[in-house]
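Input: a single structure, listed below in structure tokens.
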């Protein structure tokens, strides 16, 4: 191989490596909406998962327009606290994220996730199409038959109508409020139980 050919080969190889290292474009990214109790905790769980690009806290699963935290947390709507997860399908998958979801809370309790109870804190997964529903149902059945739980899964699985982004101060709440009493008493122990790191504060 001549010096010129070697340089040309090396340049092509380097370009290929750079291309593989690039994150998925907006068109290639996928989204998933789900809830598992307080969205502060759920956001922190999924931000730590490989392949996840962004997690946004919000409200979903209900029928009222423009819900607020005050309304949802007081149980004045039919929405649940939820998160919208944006992920790179080249680095993770819907099945992997749903398989992880079951491990984050008691999915056999349909009345919320300790220490927060009520329909606004219910376990819920919202699918965008029939293909997603099939993947979710398959994951659910596998976990139900895994021997890790004794009672039926109570998680609500329904079609996504619309996701409403929560107020700005709820975004990255755990990361931005590490000394908050709820974060210290609830989120930190849950992260430790799941073997997940505490989110790094914004620099």
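In the working numbering, the protein residues as written are 9 to 211. Glycine included, C-beta positions come from ideal geometry on N, C-alpha and C. The model shown is predicted, which means the values in this text are computed figures rather than measured ones.
Open item on the list: Below 8 Å, how does it come out for the stretch 52-68 and the stretch 100-112: are there three or more Cβ pairs, yes or no?
Closed with: Judged by pairs of C-beta atoms under 8 Å, the stretch 52-68 touches the stretch 100-112, as three or more such pairs exist.
TODO: Grab the span of the beta strand (DSSP E) containing residue 134 for me, first residue to last.
DONE: Taken as a continuous stretch (DSSP letters only), the beta strand (DSSP E) holding residue 134 covers 131-135.
TODO: Answer yes or no: do residue 44 and residue 143 have a C-beta to C-beta separation smaller than 8 Å?
DONE: 8 Å or more divides the Cβ of residue 44 from the Cβ of residue 143.
Task: residue 116 in three-state terms, based on DSSP - done: It is coil, neither helix nor strand.
TODO: Would you mind working out which of 89, 54, 109 sits nearest residue 170, comparing C-alpha positions?
DONE: Minimum Cα distance to residue 170 is reached at 89.
Open item on the list: According to DSSP, is residue 193 part of a helix, a strand, or is it coil?
Closed with: Residue state, collapsed to three classes: helix.
TODO: Taking only the alpha-carbon atoms, compute the straight-line gap between residue 135 and residue 192 and give it to the nearest angstrom.
DONE: Those two C-alpha atoms are separated by around 32 Å.
Open item on the list: Counting C-beta neighbours from all protein chains within 10 Å, is the total for residue 167 16 or more, i.e. buried, or is it exposed?
Closed with: Under the 10 Å beta carbon count, residue 167 is surrounded by fewer than 16 other beta carbons and is classified as exposed.
Task: Other residues of its chain near residue 49: CB distance less than 7 Å, five sequence neighbours each side excluded - done: In chain order, 194, 195, 198 place their CB closer than 7 Å to the CB of residue 49, counting only its own chain and leaving out the 5 sequence neighbours on each side.
Task: Unbroken beta strand (DSSP E) run spanning residue 67, endpoints - done: Counted as a single uninterrupted DSSP element, the beta strand (DSSP E) harbouring residue 67 occupies residues 60-68.
Open item on the list: So for residue 47, helix, strand or coil by DSSP?
Closed with: Assigned with DSSP and collapsed to three states, residue 47 falls in helix.
TODO: Tell me whether residue 29 is buried or exposed, calling it buried when 16 or more other Cβ atoms sit within 10 Å of its Cβ.
DONE: Confidence at residue 29 is low in this model, with a pLDDT of 49, below 50, so the placement of that residue should be treated as unreliable; the coordinate-derived value is given next. Residue 29 should be labelled exposed.
Open item on the list: Is the separation between the beta-carbon of residue 64 and that of residue 152 shorter than 8 Å?
Closed with: No, the Cβ-Cβ distance between residue 64 and residue 152 is not below 8 Å.
Task: Whether residue 66 touches residue 173 by CB criterion (8 Å) - done: Yes. Within cutoff.
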